[in-house]
């Protein structure tokens, strides 16, 4: 198809190579501090599952230490599924907590009723930290707000419309690249053919993916994987690799399932990363 | 047996064909909005498991987005099992929520103490939405209440007696078809030989099924599957297919189990649907 | 050993035969009402897991409908594991609830702080119901209290001492049989060589069993299995069969595990019952 | 490497032999009392998962009875995962509870806000009980506090620095052995090459282990395993064996996983212990 050919010329198609290049065997002499502190701010009273899925994706992706800041109501269900994470209420979000993280993910299932949380992260975050802005936090991000250089937005098409002012028809590779350049941040533009843009970098196209993924919680899981990868590999390629792996696992599972649940993807992450690490180099 | 022969003449026996005809491979260009918003109103303080099972069945059947409106007390146990669903308290059931759904399921484990919920759904629902009325909501449905055309009731024999005025002995295929015509709604008449009636459609008979299914939560699970199927395939055949698949999976599992739990059926749905989609056409 | 030989003369050793004789294939024409309503009163604020294990054992053993009456605090964890059961607080224990059950199990993890619950069950229960008295409820049962004919006590050795006045040394087959006759109830005398006594019935000896079972929650699980079996097969042999199967599964799992968890036993019940039902007759 | 050679001269490298020597087949005539009462004091409002992991490790290691004393907030998530354990709030920690335990573990995820708990354990504990001091409780342990002879500390390098006054560079085998002698307690000095010291015993070195273990909750799990082993085998070798097995399982799982979760290690404990028991002697 014309559009497809056009994309392929402008963009690099993601393949297994991105995993093999990024995911290294871990050095024997290392400890959990080496794999990053990940702070996730996600999950209000209605969308608590989003925070749980994002935190699970972060842990299974190998982040060294994961703290979920979420509505009090979600604490018990988090630990019933994932005792490996730490948990705090929104009221416990201190500057110290923000500044001691290596990566911050804000937004999955956060809702619009606590806009101050994004404001505080943007104000108090340090330049060297990676910041992933997803879901509700994208809707809360208004033109004029400042963000650190190492920021990635993960909007779907309607969130992109609101964020960029580009209608869905205008969300062409050229339009999105121009917007990424202007925004000065990474963009994971989610659609049936997800594309990833960074200022001053060739754009990437995801041709993998399955309609079996079209179910609630997928975006939250992707955001958690991106953050988990950035915690270990603090570079743009981590965003590409996480996005690719998320759809790669889903596609494989979809060989035998009409719908693939996010929690089923999450459980498979460690095996896929291991395989990639053995092929590294 | 005489009764069986008689049934088979009047009704079409459900087979794997209903799955193969209904369940299509999903188009590559699709997203979760295409697979329906399912709103489930279920689970009071005593029967919380019913809401959890119905929501799980909806998600595993492939509904794009599932929201469970249930007693506050059940929110944590839902998310401990199923972070993929959204959850709200009964007090948060707004007209917007009702009207933005593609399918509404009301009744599993709802109890009789909140009759207003059914009243509100019947008043505020839009004509194009499918409505599944199960369990307690059948008991709450009184003669004279109006329901939209696209309504399905899923009574067992005693609920049918109350709903239709037909004694169990009077619940013959002819009697039930006449009642469905009068009611102007679909009927999933649950028994050891479940039958499905719609006005102006040949009735269907389920000859599959296993006494290993005779355990708590089975009806809630069936209701969730019917609603999940309607979210993706908004047509009468979805009701037939979901009912058939529920017993098909149970029968297969019963080859190696004296009792089959609803949650064990739910986990198998995606594989069975996948297989059917590959044989479609 | 002398003691062993002596036992074998006085008692019948339980074998797979008890399962094959009791567990019949379920008739096609049946529904959950045919497999019994089981009411379990168990689990205070400290020992909530006991109620969860007993209810799980009841459901996996095939009881048609299981209601757990337990401390409010345990409701969420029950449903996170077992949405198939219904749950109520102690304050909701009505006469209706007591009298509509086919089998009542009282005691696992109940604690001593609510003696009125046992009193109410003994007062309000109907003659045709089976009653299983376990754990804390054995300690609460005082000489002089009356119980229905169809009662089974499931004490370990110290509970037996308190209940019967027999020291552990005095808990010989003869002594226990005499006590069962006097008490007018069944006794599952739990020890490394569990023995089962009913008035006017040959005693049974369990030679199966594994020290891998020596872990918390095993007794609660056995009590739930006995009650679940009685719900379907309301006869003394159900007590023998459940006790045998509990240790049979544990012994099989212990082939590959140093310690066997109660929840691991529970998951295997349906397969073992199926196998027995196929060999029935 | 020079350092490695030096270590090996001073210390004994742990191998499978430590498991085979310690883990005996359980005698047929035994009950849960024979496998120890384990009391775990762990898990505040933020680090609740630590208590859950430690208790799970204790149960799966075969401790006869495990009670977790933890923040009220963690009770439901514990039982949703592990109904086999008993649970109490910090306010329910009585002298009786402390003194009836065979082994006490204090510290995983306990936080610094309840220093009195450690004080009470140190004051009220009996000489014959084993005591494991982990995590926050190590930070709370101040020079001058007295502990019973049968005490084990499980610090990582920074906790060791605070406890011993030795900088990380000074934490040489000789330095640590001298500190253990002075402290009069066992030391599990956790690092990429964990070492174990007891006064008057040859030190042990763990050469196993994998960077896939570098994730949250690993230390809590190890502490629970050590305590669970001590409950059954109340001798110094239990500490060596539990530490070895923890890394042995992790290494095996890491063959196919980039990151190994603590809960995945826990599930494997019974199989590994069984295998060792069969090779015993």
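Residue numbers (full-length UniProt numbering), protein chains in the order written: chain A, 1 to 281; chain B, 1 to 281; chain C, 1 to 281; chain D, 1 to 281. Where a beta carbon is used, it is the ideal one built from N, C-alpha and C, also for glycine. What you are looking at is a predicted structure, and each value in this text was computed from that prediction instead of being measured.
Residue from 204(A), 52(A), 25(A) and 245(A) with nearest C-alpha to residue 76(B): 52(A)
Just to make sure I have the definition right: I need the residues of chain A whose C-beta is within less than 7 Å of the C-beta of residue 274(B). Which are they? 256, 257 and 258
Anything in chain C within Cβ reach of residue 70(A), meaning under 9 Å, just list it in chain order. By Cβ distance, chain C contributes nothing, its closest Cβ being about 17 Å from residue 70(A), past 9 Å.
Just to confirm the assignment: which complete alpha helix (DSSP H) runs, minimum length 4, are found wholly within the region 76-164 of chain B? 95-100, 115-124, 136-140 and 157-164
Which residues DSSP lists as bridging residue 40(A), in chain order: 68(A) and 105(A)
Residues in the region 66-96 of chain D with C-beta within 7 Å of chain A's C-beta atoms, listed in sequence order? 73, 74, 76, 77, 80 and 81
I need the straight-line Cα distance from residue 4(C) to residue 28(A), nearest angstrom please. The predicted position of residue 4(C) is uncertain, since its pLDDT is 41 and thus under 50; a value taken from the coordinates is nonetheless stated next. The straight-line gap from Cα to Cα measures roughly 56 Å.
Going by DSSP in three states, residue 237(D) sits in which element: helix, strand or coil? helix
In three-state DSSP terms, what is residue 202(D)? strand
Buried/exposed call for residue 26(C), threshold 16 Cβ in 10 Å: buried
Secondary structure at residue 259(B), three-state DSSP: helix, strand or coil? coil
Whole-angstrom distance between residue 99(A) and residue 85(A), CA atom to CA atom: 18 Å
If I measure Cβ to Cβ from residue 150(C) and keep anything under 6 Å in the same chain, skipping five residues before and after, which residues do I get? 130
Over the uninterrupted beta strand (DSSP E) stretch that includes residue 222(A), give me the two end residues. Unbroken run through residue 222(A) is the alpha helix (DSSP H), 218-232; no beta strand (DSSP E).
Quick one, are the C-beta atoms of residue 117(A) and residue 40(A) less than 8 Å apart? no
For residue 67(A), which residues in the same chain have their Cβ closer than 6 Å to its Cβ, ignoring the five residues on either side in sequence? 39 and 86
Using 10 angstroms around the beta-carbon of residue 111(B), count the other beta-carbons present and answer buried if the total reaches 16, otherwise exposed. buried
Please decide whether residue 215(B) counts as near chain C, where near means a Cβ-Cβ distance under 8 Å. yes
Give the DSSP-derived three-state secondary structure of residue 195(B) in the structure shown. strand
Assess, as a yes-or-no matter, whether the region 56-66 of chain B is touched by the region 220-238 of chain B under the definition of 3 or more beta carbon pairs within less than 8 Å. yes
Inspect the beta-carbon positions of residue 243(D) and residue 196(D) and report whether they are closer than 8 Å. yes
Given this structure, state the Cα-to-Cα distance separating residue 271(A) from residue 109(A), to the nearest angstrom. 27 Å
What separation, rounded to the nearest whole angstrom, lies between the Cα atoms of residue 120(B) and residue 251(D)? 58 Å
Note down the Cα distance separating residue 210(C) from residue 64(D), rounded to an integer number of angstroms. 14 Å
Counting only Cβ pairs nearer than 8 Å, list the residues of chain D close to residue 277(A). 258
Where residue 280(B) and residue 45(D) are concerned, what is the direct C-alpha to C-alpha distance, given to the nearest angstrom? 52 Å
Does the beta carbon of residue 58(B) come closer than 8 Å to any beta carbon on chain C? no
Cα-Cα, which of 60(A), 94(A) and 103(A) is closest to residue 83(A)? 60(A)
How would you call residue 263(B), buried or exposed, if buried means at least 16 neighbouring beta carbons within 10 angstroms? buried
Straight-line CA distance for residue 256(C) to residue 260(D)? 22 Å
Taking Cβ positions, are residue 241(A) and residue 93(A) nearer each other than 8 Å? no
Within 10 angstroms of its Cβ, does residue 144(B) collect 16 or more other Cβ (buried), or is it exposed? exposed
DSSP beta-bridge partners for residue 13(A)? 205(A)
Using the Cα positions of residue 153(B) and residue 47(A), report the straight-line distance between them to the nearest angstrom. 30 Å
Counting only beta-carbon atoms, is residue 246(D) nearer than 8 Å to chain C? no
Name, please, each residue of chain C whose Cβ falls closer than 7 Å to the Cβ of residue 250(B). Neighbours of residue 250(B) on chain C: none; closest Cβ ~12 Å, over 7 Å.
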